[in-house]
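Below you'll find the structure, written out as structure tokens, and then a few comments.
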Amino acid sequence: EAQVTQNPRYLITVTGKKLTVTCSQNMNHEYMSWYRQDPGLGLRQIYYSMNVEVTDKGDVPEGYKVSRKEKRNFPLILESPSPNQTSLYFCASSLQGFAYEQYFGPGTRLTVT
Amino acid sequence: SQQGEEDPQALSIQEGENATMNCSYKTSINNLQWYRQNSGRGLVHLILIRSNEREKHSGRLRVTLDTSKKSSSLLITASRAADTASYFCATDPYSGAGSYQLTFGKGTKLSVIP
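Sequences listed follow chains R and S, in order.
Going by the working numbering, the first residue of the first sequence is number 1, and it counts up by one from there.
Going by the working numbering, the first residue of the second sequence is number 114, and it counts up by one from there.
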């Protein structure tokens, strides 16, 4: 089944404790993105990647890192999480690019205390 | 940056009625897409309309695009309780150098009452 998977789905952590949210897709898509969704603010792009080893900042990259060492994986790294990073995070992938259909993962609900 | 804005923010209708949601955006675009999100879950792509198209249909969905007014509408006909969800428009601002960003609106929350 074609899908985007994220892990963990739920995470409660403390300020400053490094964490990684994994994202994997099995559709051989080149384009991948991370978004965060906050009430009243909609979805905002954090980082995107156009291919292996090609990544760039989106609208809200501060406090996040990404890497794209393999085509299928696009992990999101929070080196020192803070409470303002409490949010619902989505990974997405696309075959044709960001102007076309995006396939979203199920989301990761992160709480930083 | 917020490109698309949906209107209304929330909409409540009876099952069987039609639901219309609107999206306005600020800059020229290549494509406009509509997505559905069931509560707290991942977004699901519904339909894409290109900037040179005016109307598109998919099942019970009808999307229109007016580039002169920078607006789009999503019509769901004969709504069902299962259509209860949030609906988002997404645009990729035309830059001439390829699209690297898909910008989502804040969504319309649709409730269909059985």
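Even glycine gets a Cβ: it sits at the ideal position worked out from N, Cα and C.
Within chain S, the residues that residue i reaches when beta carbons sit closer than 9 angstroms
{"i": "R:L110", "result": "Within chain S, no residue comes near R:L110; the closest Cβ sits about 13 angstroms away, beyond 9 angstroms."}
C-alpha gap between residue i and residue j, whole angstroms
{"i": "R:R109", "j": "R:M27", "result": "24 angstroms"}
{"i": "S:S114", "j": "R:T113", "result": "For S:S114, the pLDDT reaches just 48, beneath the cut-off of 50, and the residue's location in the model is therefore unreliable, leaving the point undetermined."}
{"i": "R:Y35", "j": "R:C23", "result": "12 angstroms"}
{"i": "S:Q127", "j": "S:T190", "result": "12 angstroms"}
{"i": "S:N144", "j": "R:F104", "result": "18 angstroms"}
{"i": "R:Q143", "j": "R:Q102", "result": "Here chain R has residues from 1 to 113 only, and residue 143 of chain R is not among them."}
{"i": "R:T15", "j": "R:P83", "result": "7 angstroms"}
{"i": "S:S199", "j": "R:S67", "result": "31 angstroms"}
{"i": "S:E168", "j": "R:K17", "result": "49 angstroms"}
{"i": "S:G218", "j": "S:K139", "result": "11 angstroms"}
Of the residues the options, the one placed nearest residue i, counting alpha carbons only
{"i": "S:L174", "options": "S:L156, S:T133, S:K183", "result": "S:T133"}
{"i": "R:Y10", "options": "R:P39, R:L41, R:S87", "result": "R:S87"}
{"i": "S:L187", "options": "S:I226, S:F217, S:I160", "result": "S:I160"}
{"i": "S:S125", "options": "S:H158, S:A194, S:L215, S:I162", "result": "S:A194"}
{"i": "R:E30", "options": "R:Q3, R:V54, R:E1", "result": "R:V54"}
Contact belief for residue i with residue j at Cβ below 8 angstroms, rounded distance in angstroms
{"i": "R:M32", "j": "R:C91", "result": "7 angstroms"}
{"i": "S:N135", "j": "S:S192", "result": "At roughly 16 angstroms, the Cβ-Cβ gap does not stay under 8 angstroms, so S:N135 and S:S192 are not in contact."}
{"i": "S:T197", "j": "S:S224", "result": "5 angstroms"}
{"i": "R:P106", "j": "S:G155", "result": "5 angstroms"}
Chain-ordered chain R contacts of residue i [CB-CB under 7 angstroms]
{"i": "S:G220", "result": "G42"}
heavy atom of the ligand ATP below 6 angstroms from residue i C-beta
{"i": "S:L124", "result": "In the structure shown, the ligand ATP is absent, as is every other ligand, since no ligand is present at all."}
Residue i: contacting residues in chain R (beta-carbon distance under 9 angstroms)
{"i": "S:Y200", "result": "Under the 9 angstroms cutoff, chain R gives no residues; its nearest Cβ is about 12 angstroms from S:Y200."}
Proximal residues of chain S, C-beta to C-beta of residue i below 8 angstroms
{"i": "R:E101", "result": "Q146, H158, L161"}
Residues, ordered as in the chain, of the region 59-71 of chain R that lie near chain S by beta-carbon distance below 7 angstroms: D59
Residues within the region 162-177 of chain S neighbouring chain R, beta-carbon criterion of under 8 angstroms: none
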